[in-house]
Structures are given as C-alpha cells and as structure tokens.
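Asker: Protein chains in written order, with UniProt numbering: chain A, 1 to 193; chain B, 1 to 193. Cβ coordinates follow ideal geometry from the N, Cα and C atoms, glycine included. These figures come from a predicted structure and were not determined experimentally.
There are 2 protein chains.
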Amino acid sequence: MRGKQEVGTRDRIVHATSRLMQRHGYEGTGLKDISREAQATLGSVYHFFPGGKVELAVEAIGHGDREFADLLRGVLDREDDPAAAMIACARELAVGMRDSGWLDGCPVTTAALESARRLPEVREAAERAFVNWHGIVRDRLVRSGFAADVADDLAHTVISTFEGAEMSAQIMRSTTPLDAAGTHLARLVDSYR
Amino acid sequence: MRGKQEVGTRDRIVHATSRLMQRHGYEGTGLKDISREAQATLGSVYHFFPGGKVELAVEAIGHGDREFADLLRGVLDREDDPAAAMIACARELAVGMRDSGWLDGCPVTTAALESARRLPEVREAAERAFVNWHGIVRDRLVRSGFAADVADDLAHTVISTFEGAEMSAQIMRSTTPLDAAGTHLARLVDSYR
DNA sequence: AGATGACTAGAACGAACGCTCTATCCAGTA
DNA sequence: TACTGGATAGAGCGTTCGTTCTAGTCATCT
Chain A
1 MRGKQEVGTR DRIVHATSRL MQRHGYEGTG LKDISREAQA TLGSVYHFFP
51 GGKVELAVEA IGHGDREFAD LLRGVLDRED DPAAAMIACA RELAVGMRDS
101 GWLDGCPVTT AALESARRLP EVREAAERAF VNWHGIVRDR LVRSGFAADV
151 ADDLAHTVIS TFEGAEMSAQ IMRSTTPLDA AGTHLARLVD SYR
Chain B
1 MRGKQEVGTR DRIVHATSRL MQRHGYEGTG LKDISREAQA TLGSVYHFFP
51 GGKVELAVEA IGHGDREFAD LLRGVLDRED DPAAAMIACA RELAVGMRDS
101 GWLDGCPVTT AALESARRLP EVREAAERAF VNWHGIVRDR LVRSGFAADV
151 ADDLAHTVIS TFEGAEMSAQ IMRSTTPLDA AGTHLARLVD SYR
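(1) Can you give the beta carbon distance from A94(A) to T175(A), rounded, assuming they're within the 8 angstroms contact cut?
(2) So with CB distances below 7 angstroms, who are the chain B contacts of E37(A)?
(3) How long is the line joining the alpha carbons of E124(B) and W133(B), rounded to whole angstroms?
(4) Throw me the rounded Cβ distance for the D157(B) and A180(A) pair, which I believe falls under 8 angstroms.
(5) Within the same chain, show all residues whose beta-carbon is closer than 8 angstroms to that of M1(B), passing over the 5 residues directly before and after it, in chain order.
(6) For H63(A), which residues in chain B fall below 7 angstroms Cβ to Cβ?
(7) Does DSSP classify T41(A) as helix, strand or coil?
(8) Return the chain-ordered list of same chain residues with a C-beta closer than 8 angstroms to the C-beta of V122(A), the five sequence neighbours on each side being excluded.
(9) Is the shortest distance between the beta-carbon of F146(A) and the beta-carbons of chain B less than 8 angstroms?
(10) Between the alpha carbons of G135(B) and D149(B), how many angstroms are there, rounded?
(11) Would you report the Cα separation of T183(B) and V108(B), rounded to the nearest angstrom?
(12) State the start and end residues of the unbroken alpha helix (DSSP H) segment that holds R123(A).
(13) May I have the straight-line CA-CA distance separating Q39(B) from A129(B), to the nearest angstrom?
(14) To the nearest angstrom, how far is the alpha carbon of L20(A) from that of C106(A)?
(15) Within 10 angstroms of its Cβ, does T41(A) collect 16 or more other Cβ (buried), or is it exposed?
(16) Can you give me the C-alpha to C-alpha distance between V189(B) and D139(A), rounded to a whole angstrom?
(17) Give the residues of chain B in contact with G28(A), contact being defined as C-beta atoms less than 9 angstroms apart.
(18) How many Å lie between R78(B) and L72(B) at the Cα?
(19) How would you call P177(A), buried or exposed, if buried means at least 16 neighbouring beta carbons within 10 angstroms?
(20) From P50(A) to S44(A), what distance separates their C-alpha atoms?
(21) Report the residue from D104(B), R91(B), E37(B), I159(B) whose alpha carbon sits nearest the alpha carbon of R12(B).
(22) Quick check on F130(A) - is its C-beta less than 8 angstroms from some C-beta in chain B?
(23) Could you check which residue in T9(B), V75(B), S160(B), A90(B) has the C-alpha nearest to that of S35(B)?
(24) Residues of chain A with CB under 9 angstroms from P82(B), in chain order?
(25) Report the neighbours of D153(A) on chain B: residues whose CB is nearer than 9 angstroms to its CB, in chain order.
(26) For a contact defined as C-beta to C-beta under 7 angstroms, what are the partners of S160(B) on chain A?
(27) Could you give the C-beta distance for G74(A) and G164(B), rounded to a whole number, given that I count them as a contact under 8 angstroms?
(28) Counting only runs of 4+ residues fully inside the region 20 to 104 of chain B, write out the alpha helix (DSSP H) ranges in chain order.
(29) I need the straight-line Cα distance from A90(A) to L185(A), nearest angstrom please.
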C-alpha cells in the first residue's frame, strides 16, 4: 500500500493539520476543516489517529518542528560567518512571511500557547521543538569557536528574537521587525568575538 | 450607578476576558466561561458589549495593551541606565511568569495570532498594542541620547525579543530564555554608546 | 407614587463541535 | 472464489458554542 498516490493519506492529514493550526490555532481548527483540507474523510482521520484531535496536534507540531529545523540548518550551513547567517535567516523568514500574505507564522507557537495549560502533551511537543531549535543554533555557534556557555545563552536569545520578530511581523504586516532582528542578532553575535 | 460595588460589572467582564484569552486564546475562551469568571450573567455581557465576542476581544486586548505598557513604563522610568532597564524588565517578566505557574504570557499575542486572519479588528487591536509598546521603548532610548533611527530599530528588537523570550519561557517552563534576553539586550543597547 | 432606564437573569435557538458507529471498498492471499 | 484486514465513507450521537430574547430587579427622578 501507499505508493499508488503521490502523498499518502496520513501525510496529507498531518500536513493539513499543521498548516491549519499554524493559522488558526488548536481550538480554531476543526476536524472537519482538516479532513476537507487533506481531502480525506473523517473516518480516515480517526483511522490513522485514534487519539483524536490531541494526537493530531502533537503530530502536527512535530511536523512544524522538523520544518523550521530544516530551514534553520539550511541557512546556518550555507553561511560561513555566523553573524551573516543571522541576517540571512531573518531574511528567509521575512520572505516566507510576506509571500504567505502575513498568514504563516511559526508553525508551533500559535497552537501551543493556547493549549499549554489544558493539554500537557501539546505543550511538551512544543517544548521538544524549542529544545531542538536551540540545540541547532548552539551547535552552530560552538562549531564557529564560541565557548560552550556563551553559545548556549546566545542560542536562547537567537530563537527568542526570531520567534518574537516573526510574531511582530505577522501582526504588524511588515518585515521591519525581522529586518531589525537580523541586524541586531548579527551585531550581538559579533560582539562576542 | 457604579460605586456601590468595588469594581463595576463592565470592568470585571473586560478583566476576565483578558485573563482568559491570555491563557486559552480567542477560540478557546467561551462567553459562558467569561460570565462565570466575571461573576456576571450572559445578559450583562451582551448589555455592555452588544458586538459580542469580537467586541469583547478587542476590548480585552486594549486592556492587555495598557497593562504591559504600564509595566514597561514603570521599569524604564525607574532605572537610570537603559541597559540596566533591559535586565530589570526581563527580571520583572520572569517573576510574573513564574508566579503564575507559567500560565500568564503576553496578554495580547495568544488571542491575536490565531485570529489575525479571520478577525481583522482583533489583529488591528494587537497592532495598536505593538506600536504603543514600541513607541514607549523608542522614546526612552531617545531620551537617553540615542539617535532617532537607532532607537527606532532597537525598540523593534527589544519588543520582539521580550515577546519571544516570554513565549519560550512559558512553553519551556523556565526563566532561562528571559534571563538571556535581558543580558543580551543590555549588551546590545550598550554597544551603541 | 409612578415612571424611567440601567442593569441582571437565564431559558432557548440553530449551528458547529469532537467523536462514534456501521457499512463499504478493494488489493493481497489462499 | 472466498476471505481478510487496511482504508474509506458519511450519518448521527451528545454537547457546547455564540447569540437572541423576554422577563425581572432596583435606584433615581419627576
């Protein structure tokens, strides 16, 4: 099975859930919206995800985690200078944000924030994503010669600032916060050399 | 009217809406939750807010706007040195976050992110909040002698970083991101002097 | 005393929610 | 050909949603 269709039903469901929850959050995304968007029936959704909406959300956040991690790794590996990498990363985020009509922000936070209290599994999935991203940035800085503790702290601020700037950009419908974030993170990183 | 009760019904409703939407988002907050939390009946809610849930959300975001603006102004005015003010601000946010059991993040973003697309009025209210906060930080920096354009850019990153760090702290249940944000924003601000 | 208007109270509406259920389809195997 | 089990299909469950509506309370003013 599988293989007959270009993308399997299960993958289509996860992808649709991720995209919808990125835009409308956990509570704002209905299972019928998901099945429609994924071109699958409700029966299929519950066949693949017997845990229902919560299991679906955890899976979708994992998908968003991998998505952003790939973008992050791609940019960080492409640039030789870590400071230049900050600017390149901000620019990449700005382009994606503008091209989506200010719709697609962080694929994790929107769903995670509102359910952090009520659904521990969702919060934990989001935490895994943040830890993953932090590790990617930290390792990149260490590889560039930064001391371990400096790199660890810096990586926290890099992730925080990109997350916050993406949020600001989305709400203000402007790339200015992301542009500023790139410039300032580059300057900050450079100040430790 | 008013005055007989310590806090008027209308204010109790706005306050309850703000707190609930801060924790559960727009879609995750029901009008019955609000009326229960505010100790008011559904009739009272619609009496004061005939526009229903959307009008209520706009009002609640305005409330959160003023709340965070007060905190921001308070800390920035208390500290003489703008770099020290960054650290103090991060510390204040960290204390509030930890004391609420990692429940109370930014009073604006959770509700705004998920409804940015579907409810333009809600997004616009959130945008007003971001513009307001940005202006407070920028003016403070200008008063400390920073050039206007430098202060404007810096203020964007200050708001973005605090927002992102608060989000990270909430999801990771740790003040580490906020501590790092304070340290690095102080260093960044100092680097322009 | 009677009228007024701000405010409270909660029953009830249709729509949408997450989820369950049974029925059906269909490739692979014996 | 008959059987099996993964996958699809969608009607329908009970509940909750935002909202509307009518009735009632209670100071205040004429």
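Answerer: According to the structure shown:
(1) Along the first sequence, one-based indexing puts residue 94(A) at 94. Along the first sequence, one-based indexing puts residue 175(A) at 175. At roughly 4 angstroms, the Cβ-Cβ gap stays under 8 angstroms, so A94(A) and T175(A) are in contact.
(2) Mapped onto the first sequence, residue 37(A) falls at position 37. Those within 7 angstroms of E37(A) in chain B number zero; the least Cβ separation is about 14 angstroms.
(3) Sequence index remark: in the second sequence, residue 124(B) carries index 124 (1-based). Sequence index remark: in the second sequence, residue 133(B) carries index 133 (1-based). Going from the Cα of E124(B) to the Cα of W133(B) covers about 14 angstroms.
(4) Position 157 of the second sequence, counted from the first residue, corresponds to residue 157(B). Position 180 of the first sequence, counted from the first residue, corresponds to residue 180(A). Strictly speaking, residue 157(B) in this sequence is Thr, with Asp absent from that position. Contact flag correct, Cβ pair sits at about 5 angstroms.
(5) Residue 1(B) sits at position 1 when you count from the first residue of the second sequence. Residue placement at M1(B) is flagged as unreliable, the pLDDT there being 37, under the threshold of 50; the coordinate-derived value follows with that caveat. Contacts found: none.
(6) By one-based count along the first sequence, residue 63(A) stands at place 63. Residues of chain B passing the Cβ test: none, with the nearest at roughly 17 angstroms.
(7) By one-based count along the first sequence, residue 41(A) stands at place 41. Looking at T41(A) - three-state DSSP - the assignment turns out to be coil, as it is neither helix nor strand.
(8) In the first sequence, counting from the first residue as 1, residue 122(A) sits at position 122. Closer than 8 angstroms at the Cβ level, and outside the excluded window around V122(A), lie Y26, V54, A57, V58, I61, A111, A112, S115, A116.
(9) As a working mapping, residue 146(A) is identified with position 146 in the first sequence. Not one chain B Cβ lies under 8 angstroms of F146(A).
(10) Stepping through the second sequence from its first residue, residue 135(B) is reached at position 135. Stepping through the second sequence from its first residue, residue 149(B) is reached at position 149. Distance between the alpha carbons of G135(B) and D149(B) is about 12 angstroms.
(11) The residue you call residue 183(B) lines up with position 183 of the second sequence. The residue you call residue 108(B) lines up with position 108 of the second sequence. T183(B) and V108(B): Cα-Cα distance of roughly 24 angstroms.
(12) Working through the first sequence from its first residue, we reach residue 123(A) at position 123. Its alpha helix (DSSP H) spans residues 120 to 143.
(13) As a working note, residue 39(B) is residue 39 in the second sequence. As a working note, residue 129(B) is residue 129 in the second sequence. Rounded to the nearest angstrom, the two C-alpha atoms are 27 angstroms apart.
(14) Indexing the first sequence from 1 puts residue 20(A) at position 20. Indexing the first sequence from 1 puts residue 106(A) at position 106. Spanning the two alpha carbons is a distance of roughly 12 angstroms.
(15) For the purposes of this step, residue 41(A) is taken as residue 41 along the first sequence, with counting starting at 1. It is exposed - the Cβ of T41(A) has fewer than 16 other Cβ atoms within 10 Å.
(16) Position 189 of the second sequence, counted from the start, is the residue given in the question as residue 189(B). Position 139 of the first sequence, counted from the start, is the residue given in the question as residue 139(A). Spanning the two alpha carbons is a distance of roughly 26 angstroms.
(17) Counting from one through the first sequence, the residue named residue 28(A) turns up at place 28. The contacting residues are G25, Y26, E27, G28, E114, S115, R118.
(18) As a working note, residue 78(B) is residue 78 in the second sequence. As a working note, residue 72(B) is residue 72 in the second sequence. Between R78(B) and L72(B), the C-alpha separation is close to 10 angstroms.
(19) As a working note, residue 177(A) is residue 177 in the first sequence. Answer is buried; the Cβ neighbour count reaches 16.
(20) Position 50 of the first sequence, counted from the first residue, corresponds to residue 50(A). Position 44 of the first sequence, counted from the first residue, corresponds to residue 44(A). When rounded, the distance between both Cα atoms is 10 angstroms.
(21) Along the second sequence, one-based indexing puts residue 12(B) at 12. It is E37(B) whose Cα lies nearest to the Cα of R12(B).
(22) Locating residue 130(A) in the first sequence gives position 130, counting from the first residue. For F130(A), the answer is yes, since a Cβ of chain B falls inside 8 angstroms of its Cβ.
(23) On the second sequence, residue 35(B) is found 35 positions in, with the first residue counted as 1. That would be T9(B), whose Cα lies nearest to the Cα of S35(B).
(24) On the second sequence, residue 82(B) is found 82 positions in, with the first residue counted as 1. The contacting residues do not exist; P82(B) stays about 15 angstroms from chain A at best.
(25) Here residue 153(A) corresponds to residue number 153 of the first sequence, with the count starting at 1. Residues of chain B passing the Cβ test: T176, D179, A180, T183, H184.
(26) For the purposes of this step, residue 160(B) is taken as the residue at position 160 of the second sequence. Near S160(B) (Cβ distances below 7 angstroms), the residues of chain A are T161, G164, A165, S168, P177, A181.
(27) Here residue 74(A) refers to the residue found at position 74 of the first sequence. Here residue 164(B) refers to the residue found at position 164 of the second sequence. No, G74(A) and G164(B) are not in contact; Cβ-Cβ is about 21 angstroms, not under 8 angstroms.
(28) 31 to 37, 42 to 48, 52 to 78, 82 to 99
(29) As a working mapping, residue 90(A) is identified with position 90 in the first sequence. As a working mapping, residue 185(A) is identified with position 185 in the first sequence. Roughly 9 angstroms separates the two Cα atoms.
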